[in-house]
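Heads up, the thing below is written out as structure tokens.
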Amino acid sequence: MEVKIYINGIGSISAQSGDLFSGDSARIYQENIFQAISPNYREFIKPMALRRMSKATKMGITSAKIALKEAETEVPDAIITGTGEGCKKDTEKFLENLLDQNEKLLTPTSFIQSTHNTIGGQIALNLSCKNYNVTYTQNSVSLETALLDAQMQFDEDPEIYSILVGGVDEISEKITSFRKLDGQLKSKSIKNLDLLKEDSTGTITSEGAHFFALSKEKKQNTYAEFQTLFIKNTIQPENINEEIEAFLKQNNLDSEVIDVVILGNNGDNRYDHYYKNLQQNLLKNTMQLTYKHLVGDFDTASGYAIYLAANILKSGKIPSVLKLNDIDSKTPKNILIYNQYLGRDHSLILLSAV
Amino acid sequence: MNKGVAVTGIGVISAIGNNTGENYRSLISGKHGISSPEILETIHKNLPVGEIKISNESLAEDLKLPKNHSFTRAALLGAFAVKEAVTQSSLKIDNETGFISGTSVGGMDTTETYFKDFTQGKTENSRYVRAQHPGFTTEKIAEHFGITGFVSTISTACSSGANAIMLGARMIKAGKLKRVIVGGTDCLTKFTLNGFNSLMILSDEQCKPFDENRNGLNLGEGAAYLVLEAEEELKGKPVLGIISGYGNANDAFHQTASSENGEGAFLAMQKALKIAGISSESIDYINTHGTATRNNDSAETEALKRIFSKNLPDVSSTKSFTGHTLAAAGALEAVYSLLSLQNEQVFPNLNFSYPMKTSGFMPVTKLKEKPINYVLSNSFGFGGNCTSLIFSKNGG
Numbered sequence: 007m008e009v010k011i012y013i014n015g016i017g018s019i020s021a022q023s024g025d026l027f028s029g030d031s032a033r034i035y036q037e038n039i040f041q042a043i044s045p046n047y048r049e050f051i052k053p054m055a056l057r058r059m060s061k062a063t064k065m066g067i068t069s070a071k072i073a074l075k076e077a078e079t080e081v082p083d084a085i086i087t088g089t090g091e092g093c094k095k096d097t098e099k100f101l102e103n104l105l106d107q108n109e110k111l112l113t114p115t116s117f118i119q120s121t122h123n124t125i126g127g128q129i130a131l132n133l134s135c136k137n138y139n140v141t142y143t144q145n146s147v148s149l150e151t152a153l154l155d156a157q158m159q160f161d162e163d164p165e166i167y168s169i170l171v172g173g174v175d176e177i178s179e180k181i182t183s184f185r186k187l188d189g190q191l192k193s194k195s196i197k198n199l200d201l202l203k204e205d206s207t208g209t210i211t212s213e214g215a216h217f218f219a220l221s222k223e224k225k226q227n228t229y230a231e232f233q234t235l236f237i238k239n240t241i242q243p244e245n246i247n248e249e250i251e252a253f254l255k256q257n258n259l260d261s262e263v264i265d266v267v268i269l270g271n272n273g274d275n276r277y278d279h280y281y282k283n284l285q286q287n288l289l290k291n292t293m294q295l296t297y298k299h300l301v302g303d304f305d306t307a308s309g310y311a312i313y314l315a316a317n318i319l320k321s322g323k324i325p326s327v328l329k330l331n332d333i334d335s336k337t338p339k340n341i342l343i344y345n346q347y348l349g350r351d352h353s354l355i356l357l358s359a360v
Numbered sequence: 003m004n005k006g007v008a009v010t011g012i013g014v015i016s017a018i019g020n021n022t023g024e025n026y027r028s029l030i031s032g033k034h035g036i037s038s039p040e041i042l043e044t045i046h047k048n049l050p051v052g053e054i055k056i057s058n059e060s061l062a063e064d065l066k067l068p069k070n071h072s073f074t075r076a077a078l079l080g081a082f083a084v085k086e087a088v089t090q091s092s093l094k095i096d097n098e099t100g101f102i103s104g105t106s107v108g109g110m111d112t113t114e115t116y117f118k119d120f121t122q123g124k125t126e127n128s129r130y131v132r133a134q135h136p137g138f139t140t141e142k143i144a145e146h147f148g149i150t151g152f153v154s155t156i157s158t159a160c161s162s163g164a165n166a167i168m169l170g171a172r173m174i175k176a177g178k179l180k181r182v183i184v185g186g187t188d189c190l191t192k193f194t195l196n197g198f199n200s201l202m203i204l205s206d207e208q209c210k211p212f213d214e215n216r217n218g219l220n221l222g223e224g225a226a227y228l229v230l231e232a233e234e235e236l237k238g239k240p241v242l243g244i245i246s247g248y249g250n251a252n253d254a255f256h257q258t259a260s261s262e263n264g265e266g267a268f269l270a271m272q273k274a275l276k277i278a279g280i281s282s283e284s285i286d287y288i289n290t291h292g293t294a295t296r297n298n299d300s301a302e303t304e305a306l307k308r309i310f311s312k313n314l315p316d317v318s319s320t321k322s323f324t325g326h327t328l329a330a331a332g333a334l335e336a337v338y339s340l341l342s343l344q345n346e347q348v349f350p351n352l353n354f355s356y357p358m359k360t361s362g363f364m365p366v367t368k369l370k371e372k373p374i375n376y377v378l379s380n381s382f383g384f385g386g387n388c389t390s391l392i393f394s395k396n397g398g
């Protein structure tokens, strides 16, 4: 029998620090690369440790601790992390020193911290957690692979009770800006909230961390039930409706039970057709929401979509800044999240109200 | 005892050979692959490495890639090894065929080559901008073989390849995939060579795993992949071996160093034995992590003593042949573990002279023939990441 999995805690750090669900308005950015808003890291990490940590690690540990605290979990039975590009700032720092100094007189600190599993390892160290700890780095399905692993862990091992799963990505000065060279970023600066009005190539990017405390136990303050997910590397544009129908069918569902769909439109006119095709066909009569105009697109941006879905399911509120169409859903029960990047690494996540 | 997951194909390329047969012949004849860097452009020519002496151009030609391909060296080596594994298992690649690859730095070789160009806004090689993503290298390999379904990358430093094998085995067991290619790839880069050099854990001679006078590791490069298939898909196919156990734990001690008593390693081995449903006495050979750094070998020895107490089975580190191939190491050593089972041989630990004073620990130093039913393989990485895999004979 498959185990039911609940989201009992969420830590979210992104370029939107306000609480949209309490009526805070969305932050506006005028640049195509913008930073996540840092909370007070000192509340979560000792100053000595904090000094050397990159933003990715700080955001990761902090959002992980927020999620665990909310779920009242001290040490999870597993820590599973997703990150597209890992600790990019440390990578860039070590690489630049190496090139500038022609491989001479290098200090190891940034190399040590550059490995992709630094975030997961540092969370383990911070919590003294010796349990299962793996990091996935598959572009836009990095966090999704971590969730898949968590789902399997719950099914495999009856002793697994709680799992910490999250996605983290940071921007770095140079490597992030290289995305201007291969068309990943828009060539002209735009206002983030106008992202989906653009008819041009590329997108806008930012950074963030989203950790989720998953548990087998439903609690008073549970956000939502994590139902299932699907990952597929390549989907032909014309097959997107069929693929999603097949996924729903496999889970004994049809498109009518989906009350809300959260789509990953990122304003790139070369690839947004995947979303538009769904908007106009299979999910035409479904309430459609979107979020990358708020937090930018990065490999683990879908963590923000999960944060939104979980909060919608818990509160019943739907901030209007997310809406893509005029269809309303009074009390959403099932939310589907669909994301892809550059036409690859497609994912579907299904969450339900408890 | 648990049923485990069948391996139907293996492929490997390393400094000791371009395919499984060549690797095997080097292992039994004690022929190591440690040399000075020739293909890697570095000022550190004094640091011995396990380098594959085939240029990117030759690898690309062998794979019949178009001139303007965007394969990183890790992708070239990876595709080369996958080709052998797929051919051996006569693998059918369809929607239910997955690909899970471990890599530590992915396409860092191209990132370091073009970093300055990109900084100056040059766009000629912009097809490599995304190479900094480990997933980019994985996708190149997947694309080459027409794998469109589940594709993922694990990056847990030096245990990545072992973790990829573990995830693949779990996905087959859970019925999420029917067939999956699992393993790892890493090439030599200036980034990793200088990184380990700045940590002062590279030896300037051939590495000496478990020796009292060991003074560091040799960096290597390579790729290895296994084809795993669900039981109902086998239909009489030859089975090369079984993945019967796996376990991952975190040392939670230090970002790079292992705890003195090897807690993470101990927990990983304990979990693997539990999944395999066997006791420690059943293990006939341990292919250790054995990097030849002061810290790893003493911590690993402590962990082995805790699991096996006085009945330590035969132990060796094949990193004395290949160097430490980082994310690929767990996959390379999975192939060697399967070869050990198939041929009933324990491969020697080269360059060993003096046992460690603290433990008196003696690895196998000459090829040893004996019945082998279970092999344990260890892979540990930065971030306290510890993984153990257990392989057994088909029907064993």
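Residue numbers (the numbering used here), protein chains in the order written: chain A, 7 to 360; chain B, 3 to 398. Using N, Cα and C, we set each Cβ at its ideal position, and we do this for glycine too. In this text, all values refer to a predicted model and were calculated from it rather than measured experimentally.
Worksheet entry | Residues, ordered as in the chain, of the segment 197-231 of chain B that lie near chain A by beta-carbon distance below 9 Å | Gly197, Phe198, Asn199, Ser200, Leu201, Met202
Worksheet item: With which residues is B/Asn250 paired in a DSSP beta bridge?
Response: Position 248 of the second sequence, counted from the first residue, corresponds to residue 250 of chain B. According to DSSP, B/Asn250 bridges with B/Thr389.
Discussion item. I believe B/Met168 touches B/Tyr248 by the beta-carbon criterion, under 8 Å. Please report the beta-carbon distance rounded to the nearest angstrom.
Written reply: The residue given as residue 168 of chain B occupies position 166 in the second sequence. The residue given as residue 248 of chain B occupies position 246 in the second sequence. The Cβ separation is near 4 Å, so the contact holds.
Worksheet item: Okay, do the segment 217-225 of chain A and the segment 13-33 of chain A touch, 3+ Cβ pairs below 8 Å being the bar?
Response: yes
Item to complete: Just tell me which of B/Ile95, B/Leu195, B/Ile174, B/Asn97 has its CA closest to the CA of A/Leu112.
Response: To locate residue 112 of chain A, count along the first sequence from 1; it is residue 106. Closest by alpha carbon: B/Leu195.
Item to complete: Reducing DSSP to helix, strand and coil, say where A/Ile51 ends up.
Response: To locate residue 51 of chain A, count along the first sequence from 1; it is residue 45. In the structure shown, A/Ile51 sits in coil (DSSP, three-state: anything other than H, G, I, E or B).
Worksheet item: By Cβ distance, which residues of its chain are closer than 6 Å to A/Ser23, with the 5 residues on each side in sequence left out?
Response: The residue given as residue 23 of chain A occupies position 17 in the first sequence. Closer than 6 Å at the Cβ level, and outside the excluded window around A/Ser23, lie Ile43.
Worksheet item: If you draw a straight line from the alpha carbon of B/Val7 to that of A/Gln286, how long is it in whole angstroms?
Response: Counting from 1 along the second sequence, the entry for residue 7 of chain B is found at position 5. Counting from 1 along the first sequence, the entry for residue 286 of chain A is found at position 280. For B/Val7 and A/Gln286, the distance between alpha carbons rounds to 43 Å.
Fill in: Closest residue to B/Leu391 among B/Ile280, B/Phe354, B/Leu369, B/Pro357 (Cα-Cα distance)
Residue mapping note: residue 391 of chain B aligns to position 389 of the second sequence, counting from 1. With distances taken between Cα atoms, B/Leu391 lies closest to B/Ile280.
Worksheet item: So which residues of chain A does B/Ala330 contact, with C-beta pairs closer than 7 Å?
Response: Working through the second sequence from its first residue, we reach residue 330 of chain B at position 328. Those within 7 Å of B/Ala330 in chain A number zero; the least Cβ separation is about 15 Å.
Worksheet entry | Contact list for the segment 147-167 of chain B against chain A, Cβ threshold 8 Å | Ile149, Thr150, Gly151, Phe152, Val153, Ser154, Thr155, Ile156, Ser157, Thr158, Ala159, Asn165: these are the residues of the segment 147-167 of chain B whose beta carbon lies less than 8 Å from some beta carbon of chain A, given in chain order.
Item to complete: Report yes or no: is there a C-beta of chain B within less than 7 Å of the C-beta of A/Met158?
Response: Start at 1 with the first residue of the first sequence, and residue 158 of chain A comes out as number 152. Interface residue, yes.
Discussion item. Please report the straight-line C-alpha distance between A/Ile196 and B/Thr115, rounded to a whole angstrom.
Written reply: On the first sequence, residue 196 of chain A is found 190 positions in, with the first residue counted as 1. On the second sequence, residue 115 of chain B is found 113 positions in, with the first residue counted as 1. For A/Ile196 and B/Thr115, the distance between alpha carbons rounds to 32 Å.
Discussion item. Using beta carbons (cut-off 7 Å, strictly below), is A/Pro114 in contact with chain B?
Written reply: To locate residue 114 of chain A, count along the first sequence from 1; it is residue 108. With 7 Å as the cut-off, A/Pro114 counts as an interface residue toward chain B.
Worksheet item: Which residues, in order along the segment 116-128 of chain A, keep a beta-carbon less than 8 Å from a beta-carbon of chain B?
Response: Phe117, Ile118, Gln119, Ser120, Thr121, His122, Asn123, Thr124, Gly126, Gly127, Gln128
Fill in: Of the listed residues B/Ser38, B/Ser339, B/Ser361, B/Glu371, nearest to B/Lys395 (C-alpha basis)
Walking along the second sequence from the start, residue 395 of chain B turns up at place 393. When each option's Cα is compared against that of B/Lys395, the closest is B/Ser339.
Discussion item. According to DSSP, simplified to helix, strand and coil, what is A/Leu223?
Written reply: Locating residue 223 of chain A in the first sequence gives position 217, counting from the first residue. Residue identity differs from the one stated: residue 223 of chain A is Glu in this sequence, not Leu. Coil at A/Glu223, not helix or strand.
Item to complete: Report yes or no: do three or more beta-carbon pairs, one from the segment 302-317 of chain B and one from the segment 53-64 of chain B, lie closer than 8 Å?
Response: no
Worksheet item: Name the DSSP bridge partner or partners of B/Phe363?
Response: For this step, residue 363 of chain B is matched to residue 361 along the second sequence. For B/Phe363, which the question treats as bridged, DSSP gives no partner whatsoever.
Discussion item. Relative to the C-alpha of B/Lys5, which candidate in B/Ile56, B/Lys33, B/Ala176 has its C-alpha closest?
Written reply: The count along the second sequence starts at 1 and reaches residue 5 of chain B at position 3. With respect to the C-alpha of B/Lys5, the residue from B/Ile56, B/Lys33, B/Ala176 having the closest C-alpha is B/Ala176.
Worksheet item: Would you say B/Cys388 and B/Ala270 are within 7 Å of each other, going by their C-beta atoms?
Response: Along the second sequence, read from residue 1 onward, the residue named residue 388 of chain B stands at position 386. Along the second sequence, read from residue 1 onward, the residue named residue 270 of chain B stands at position 268. Yes, the pair counts as a contact, with Cβ atoms nearer than the cut-off.
Worksheet entry | Residues of its chain near A/Val140, where Cβ-Cβ distance is below 6 Å and the 5 sequence neighbours each way are ignored | Position 134 of the first sequence holds residue 140 of chain A. For A/Val140, where only same-chain residues beyond five positions count, the Cβ hits under 6 Å are Ile86.
Worksheet item: So, using beta-carbon positions, are A/Asp351 and A/Asn145 closer together than 7 Å?
Response: Looking up residue 351 of chain A in the first sequence gives position 345. Looking up residue 145 of chain A in the first sequence gives position 139. Remark: C-beta atoms of A/Asp351 and A/Asn145 approach each other more closely than 7 Å.
Discussion item. Given this structure, state the Cα-to-Cα distance separating B/Gly11 from A/Gly17, to the nearest angstrom.
Written reply: The residue given as residue 11 of chain B occupies position 9 in the second sequence. The residue given as residue 17 of chain A occupies position 11 in the first sequence. If you take the alpha carbons of B/Gly11 and A/Gly17, they lie about 43 Å apart.
Item to complete: Just tell me which of B/Ala267, B/Ser319, B/Phe255 has its CA closest to the CA of B/Lys307.
Response: In the second sequence, counting from the first residue as 1, residue 307 of chain B sits at position 305. B/Ala267 is the residue among B/Ala267, B/Ser319, B/Phe255 whose C-alpha sits nearest the C-alpha of B/Lys307.
Worksheet item: B/Ser128 CB to nearest chain A CB: under 7 Å?
Response: Position 126 of the second sequence, counting from 1, holds the residue named residue 128 of chain B. At least one chain A Cβ lies under 7 Å of B/Ser128.
Practice prompt. Quick one: measure Cβ to Cβ for B/Ser260 and B/Ala301, integer angstroms, because I've assumed they're closer than 8 Å.
Written response: As a position in the second sequence, residue 260 of chain B is number 258, starting the count at 1. As a position in the second sequence, residue 301 of chain B is number 299, starting the count at 1. Confirmed, Cβ separation roughly 4 Å.
Practice prompt. Return the first residue and the last residue of the alpha helix (DSSP H) that B/Glu63 is part of.
Written response: Numbered from 1 along the second sequence, position 61 holds the residue referred to as residue 63 of chain B. It spans 58-64 - the alpha helix (DSSP H) in which B/Glu63 sits, taken as one unbroken run.
Worksheet item: Taking 7 Å as the CB-CB limit, is B/Gln134 close to chain A?
Response: As a position in the second sequence, residue 134 of chain B is number 132, starting the count at 1. Interface residue, yes.
Practice prompt. Quick one: list the residues of chain B neighbouring A/Ile181, beta-carbon separation under 9 Å, in chain order.
Written response: Here residue 181 of chain A refers to the residue found at position 175 when the first sequence is read from its first residue. The answer, in chain order, is Thr113, Phe117, Phe120, Val131, Gln134.
Worksheet item: What's the C-alpha gap between B/Ala226 and B/Asn25?
Response: As a first step, residue 226 of chain B is located in the second sequence; it is residue number 224 there, counting from the start. As a first step, residue 25 of chain B is located in the second sequence; it is residue number 23 there, counting from the start. Going by the C-alpha atoms only, they are around 11 Å apart.
Worksheet item: Taking only runs of the alpha helix (DSSP H) that begin and end inside the segment 268-327 of chain A, which ones reach a length of at least 4 residues, in chain order?
Response: 279-286, 298-301, 308-321
Item to complete: State buried or exposed for B/Ile45, treating a residue as buried only when at least 16 other CB atoms are found within 10 Å of its CB.
Response: The count along the second sequence starts at 1 and reaches residue 45 of chain B at position 43. It is exposed - the Cβ of B/Ile45 has fewer than 16 other Cβ atoms within 10 Å.
Worksheet item: If we ignore side chains and look at the alpha-carbon of each, how far apart do B/Phe120 and A/Asp303 end up?
Response: Residue 120 of chain B sits at position 118 when you count from the first residue of the second sequence. Residue 303 of chain A sits at position 297 when you count from the first residue of the first sequence. Cα to Cα, the separation comes out at about 21 Å.
Fill in: For B/Tyr338, three-class secondary structure by DSSP
The residue you call residue 338 of chain B lines up with position 336 of the second sequence. Note: B/Tyr338 maps to helix in three-state DSSP.
Item to complete: List the whole-angstrom C-beta distance separating A/Ser69 from A/Gly172, where the pair is believed to meet the contact cut-off of C-beta under 8 Å.
Response: Here the question's residue 69 of chain A lines up with position 63 in the first sequence. Here the question's residue 172 of chain A lines up with position 166 in the first sequence. At roughly 6 Å, the Cβ-Cβ gap stays under 8 Å, so A/Ser69 and A/Gly172 are in contact.
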